[in-house]
Structure formats: C-alpha cells, structure tokens
Amino acid sequence: MKNMLTVILTVYNKEKHIKNSIKSLIEQTNQSFNVVIINDASNDNSEAELFSMLNLYSKNVTYYKLDSNYG
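In UniProt numbering, the protein residues as written are 1 to 71.
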C-alpha cells in the first residue's frame, strides 16, 4: 500500500488567491494525495471561487466550513 499524503488548505478571505492554490494542486505531477479544505468563516467570495475551481478537480476533497473565525 502506498503512503498517501494529505494536503490541508485553510481559507479565510482568500478570494483573490484561491484559484492559484487549487490550480497548483491540479498541476502536481504526483497526484497521490487527498485534500482537506477548511473555510474559516470567510465573508468574501472565497467559497464561490473555491467551488468553481473544484468543478475542474476530480480528486477526493473534504470540505469544512466553520461557523466562526478561529484564526
């Protein structure tokens, strides 16, 4: 069994940068990883930008949206 890497991406008001983060994951040559995304109660358009990019990315992604910002 191969060792699996987990990439954790934390998001808080990163609307301008989220596309580049997801694009970087898509472009990795080694795709042996899972992705966990934690939205720390963003109040900008981060979630919409994130979901638009995830439609292009077919990996196993676990998404959590926190109700409050925990920093």
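Even for Gly, the Cβ is constructed at its ideal location relative to N, Cα and C.
Between the alpha carbons of N69 and Y57, how many angstroms are there, rounded? The residue you call residue 69 lines up with position 69 of the sequence shown. The residue you call residue 57 lines up with position 57 of the sequence shown. Going by the C-alpha atoms only, they are around 26 Å apart.
Give every residue of the same chain whose Cβ lies closer than 7 Å to the Cβ of T6, excluding the five residues on either side of it in the sequence, and list them in chain order. Taking the first residue of the sequence shown as position 1, residue 6 is located at position 6. Answer for T6: F33, N34 and V36, listed in chain order.
Output the boundary residues of the beta strand (DSSP E) element that contains K16. As a position in the sequence shown, residue 16 is number 16, starting the count at 1. It is not in any beta strand (DSSP E) - K16 carries neither H nor E in the DSSP assignment.
E47 - containing alpha helix (DSSP H), residue span: Stepping through the sequence shown from its first residue, residue 47 is reached at position 47. Its alpha helix (DSSP H) spans residues S46 to L54.
Would you call the CB atoms of D40 and L9 closer than 7 Å? Position 40 of the sequence shown, counted from the start, is the residue given in the question as residue 40. Position 9 of the sequence shown, counted from the start, is the residue given in the question as residue 9. Contact flag unset, no.
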